[in-house]
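Structure, as structure tokens:
Protein chains in written order, with UniProt numbering: chain A, 1 to 295; chain B, 1 to 323; chain C, 1 to 324.
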């Protein structure tokens, strides 16, 4: 123990993390999927967003079919004649970008609101937190649904709806951690000095909010991806010309009854692997941050 | 106790008032339903007549007060699309949704508590680890995907259960119910399973965490030292001690399950309120959207109120404070 | 007097990932009918684990490795859980430190007492109520019949502990293990409960094992003292003799750190150092690092030395002052 005390906290954290082989495997999967998603244009035989390349003669073909493009559709094709493998890689890209963007914006916005509430105190705190609590008691999916319906379709609108549905989780978490720290004597002492208030908030309150926020962030990125897929599945997500995983699944749904399972199933499997892997990593991080489970 | 109830009722009305403003402004300030309802080839006169008859020409605040005034009389307006009173429309669809939601949440809670207690009581057993793995899946896998897999497996491949619709219904108290006929029951199994899966995962986690914590307390040790059997300790002591968080979540989940029913009803073509709201969103049928949101909010508030009262019933300490 | 409990060479250990923790390491003692035995030691000395071992309630990963616990002529070690449960509450009962934590806040006193009664006897409602009232009266709860339907939060701390004691007394057990039962209470209530427990023990013939870190309370109650350190009994004997004439340096240290024995105006004496980790116990005397008398011989484990009624485990026992 004494030898490892001198190591940096990050290395200690990694050492504990690496004890859980399942979590390490999941992390590898997450990284791999991210790499695949960002290198998608280099890896796939077809640009699925280029409608000119699509031929209806290739539509709904089973895995292994050799299409008009002269190459093998490893995972088959969708109802528009897209190569499913290409569409899945591009879809992963959209899922990850939207998940990360929504998660990051919600994180920043929620943290500011939460720390501000804890720092300001008084009626501002009461009103802000009441609103947050009220919003938390309202299902995120419903909020996102209504917002997407009102704002229209598109990446920006979708991210805005996801942020609105999710920032409250970050606000609650940041508030809880900041509030606990705010009561401590050293923060009171710092506030009594001529140091500007926001500096105290940034220097003392923010660092103490980070561990729980990181945990919430991993969970919320997974949730954002899942929400996006759900909205796209319901036909309220992205435009049809740029199918995300949720829309690919939705497009294949009617054909499932007639046995053309692959159109829905393969994008679904990609989606599930992504979400489960992120959640397993998040679970492990949470366990490591939880002092009550430490031995 | 009475003071406690009155205080909660005042809080509830404040929340409802706030909700009505937010929902109204949110829905009416954004989006333009005129484009959707009125065919583009309509004449200017028809356009204006339609706008006037729907009250869309009045200032927003006037529209709001008319709206609230009508609300208190139970008039939620007429659907632009169906040209029916919204309340009638929603109430007509509500039994189907309520039936689905209640069956899901109750079975998820009972199943989740039993499995969760087991997983918390014997945390190192293989069964407990299996239960936990299932619950991780239930948490991660999007609800619509679970629905698709259920259809693919049980309806398409095995052909055991129908993939959609309500099946045969029976009238009871003037309302149609599916769960009273065998055919209806067979139609409700898959959507209910779909809706229950996530809740089951959550209840398992909750019951497991509560069990692990409670089993280490002196209350349980003292009961064991008195020679009380493990079965009775679990049934009488543990179940009551972990019930408070479970009831809280049960209440909250009742509300959120209502929201998730939107997805399930779409997949299984279940003719409930969720399907109605998705269809209404797609065509911007604002009165239906507003009424749905207001009624959902009302339901949330009522559920929270009930949960608070149930606490007071279970926990003598809260009862004493409220008196 | 009859022997009710005979513990020989009891060893209980916890098998953790970091290694084997020998929490109780070869403890032996006997208990007679109506006797009050004080079990004293710092936290981590193994006194509580000893208590739980007697009831067969050591939580995993702990287990009894060897030894005998003969209660009313029958060895409990190795008995199946079903048999142990039949004895818990009927032949041997236990009360705990914090009465707030031991009683279930959500169940009425009547429910909790009836559950404990039902565990070993089947009697009608009327008979059960009669028995509950009888026991509550015995532990000094005023107007017990009307208080049966109260909940734990409606009692004061002292009263709650009395209810817990009443539950332990329901079946007139031969032995009650009391684990720091007065530590969480006010001093004045402590004294009352100590007094009542002593008369109860005499009246009912129930033998008491009183576990405490506080030598002062134990010695006002116990007829015999057992001093534990790092899982072992280091000294044993009649209370007055041990207090007046300790043979083990650790016992001496405990007595010297009592406020009552200190000279006014002088700082209280302390035992230097802290309790050793039970994971890394060496071969020698575990008290050696803290002992002012320690020499090289203390690197080997001291055996138990005994004369009439007294026993100690030390290479350098303190002199018997005014030896009889």
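C-beta atoms are modelled at their ideal positions from N, C-alpha and C, and glycine is treated no differently.
Original post:
In its own chain, which residues sit with a C-beta less than 8 Å from the C-beta of residue 276 (chain C), not counting the 5 before and 5 after it?
Top reply: 230, 286 and 289
**OP:** Quick one: list the residues of chain C neighbouring residue 315 (chain B), beta-carbon separation under 7 Å, in chain order.
**Re:** 106
Original post:
Can you check whether the CB of residue 104 (chain B) is closer than 8 Å to the CB of residue 207 (chain B)?
Top reply: no
Original post:
Any idea if residue 272 (chain A) is buried or exposed, counting beta-carbon neighbours within 10 angstroms, 16 or more meaning buried?
Top reply: buried
Subject >> Cutoff 6 Å; reference residue 259 (chain C); Cβ partners in own chain excluding five residues on either side >> reply: none
Subject >> Rounded separation between residue 316 (chain C) and residue 33 (chain C) - CA only >> reply: 34 Å
Original post:
How would you label residue 247 (chain A), buried or exposed, when you count the other beta carbons within 10 angstroms and need 16 or more for buried?
Top reply: buried
Original post:
Is there at least one Cβ from chain A nearer than 8 Å to residue 15 (chain B)'s Cβ?
Top reply: yes
**OP:** Determine the chain B residues that contact residue 167 (chain C) at a beta-carbon separation under 7 Å, and present them in chain order.
**Re:** 226
Original post:
Is the distance from the Cβ of residue 68 (chain B) to the Cβ of residue 20 (chain B) below 8 Å?
Top reply: yes
**OP:** Compile a chain-ordered list of the residues in the stretch 207 to 222 of chain A whose CB is closer than 8 Å to at least one CB of chain B.
**Re:** 222
Original post:
With DSSP run on the structure shown, which of helix, strand or coil describes residue 71 (chain A)?
Top reply: coil
**OP:** Keeping to the same chain, check which residues put their C-beta closer than 7 Å to that of residue 89 (chain A); ignore five residues upstream and five downstream.
**Re:** 36, 37, 40, 43 and 44
**OP:** Kindly indicate which three-state DSSP category residue 198 (chain B) falls into: helix, strand or coil?
**Re:** helix
**OP:** Please list the residues of the stretch 245 to 279 of chain B that have a C-beta atom closer than 9 Å to any C-beta atom in chain A, keeping them in chain order.
**Re:** 252, 255, 256, 257, 258, 259, 260, 262, 263, 266, 267, 277 and 278
Original post:
Using the rule of at least 16 other Cβ atoms within 10 Å of the residue's Cβ for burial, across every protein chain shown, is residue 194 (chain B) buried or exposed?
Top reply: buried
Subject >> Residue span of the alpha helix (DSSP H) that contains residue 22 (chain A), given as start and end >> reply: 21 to 38
Subject >> the stretch 174 to 193 of chain B contacting the stretch 43 to 50 of chain C, beta-carbon criterion three pairs below 8 Å >> reply: no
**OP:** Note down the Cα distance separating residue 109 (chain B) from residue 125 (chain A), rounded to an integer number of angstroms.
**Re:** 35 Å
Subject >> CB of residue 210 (chain C) within 8 Å of CB of residue 37 (chain C), strictly >> reply: yes
**OP:** Round the Cβ separation of residue 296 (chain B) and residue 252 (chain B) to the nearest angstrom and send it over; I've been treating them as touching at under 8 Å.
**Re:** That belief does not hold up - the Cβ atoms of residue 296 (chain B) and residue 252 (chain B) are roughly 13 Å apart, past 8 Å.
Original post:
Helix, strand or coil: how does DSSP classify residue 58 (chain C) here?
Top reply: coil
Subject >> Cβ-based contacts, 9 Å cut-off: residues of the stretch 139 to 155 of chain B near chain F >> reply: This model lacks chain F altogether, as its protein chains are A, B and C.
**OP:** Using only alpha-carbon positions, find the residue among B:294, B:308 and B:315 that is nearest to residue 17 (chain B).
**Re:** B:294
**OP:** Answer yes or no: does any C-beta atom of chain C fall closer than 8 Å to that of residue 323 (chain B)?
**Re:** Unreliable placement is indicated for residue 323 (chain B), whose pLDDT of 43 sits below 50; no coordinate value is reported for it.
Original post:
Looking at the C-beta of residue 110 (chain B), does it have a partner C-beta in chain A at a distance below 8 Å?
Top reply: no
**OP:** Please say whether residue 163 (chain A) and residue 102 (chain A) have beta carbons closer to each other than 8 Å?
**Re:** yes
**OP:** Take residue 212 (chain A) as the anchor and find which of A:15, A:111 and A:16 has the nearest alpha-carbon.
**Re:** A:111
Subject >> Contacting residues, own chain, Cβ-Cβ under 6 Å from residue 75 (chain C) (five flanking each side not counted) >> reply: 68
Original post:
Counting contacts by CB-CB distance shorter than 8 Å, is residue 300 (chain B) in contact with chain A?
Top reply: yes
Subject >> residue 215 (chain B): contacting residues in chain A (beta-carbon distance under 7 Å) >> reply: Within 7 Å Cβ-Cβ: nothing; residue 215 (chain B) doesn't reach chain A, min ~15 Å.
**OP:** Whole angstroms is fine: what's the gap from residue 168 (chain C)'s alpha carbon to residue 92 (chain C)'s?
**Re:** 9 Å
Subject >> Status (buried if at least 16 other CB within 10 Å, exposed otherwise) for residue 98 (chain A) >> reply: buried
Original post:
Hey, is the stretch 14 to 29 of chain C in contact with the stretch 198 to 207 of chain C, meaning 3+ C-beta pairs nearer than 8 Å?
Top reply: no
Original post:
Given that a residue counts as buried once 16 or more other Cβ atoms are within 10 Å of its Cβ, and exposed if not, what is residue 66 (chain A)?
Top reply: exposed
**OP:** Below 7 Å CB to CB, which residues in the same chain sit around residue 161 (chain A) once its five sequence neighbours on both sides are set aside?
**Re:** 144, 147, 148 and 151
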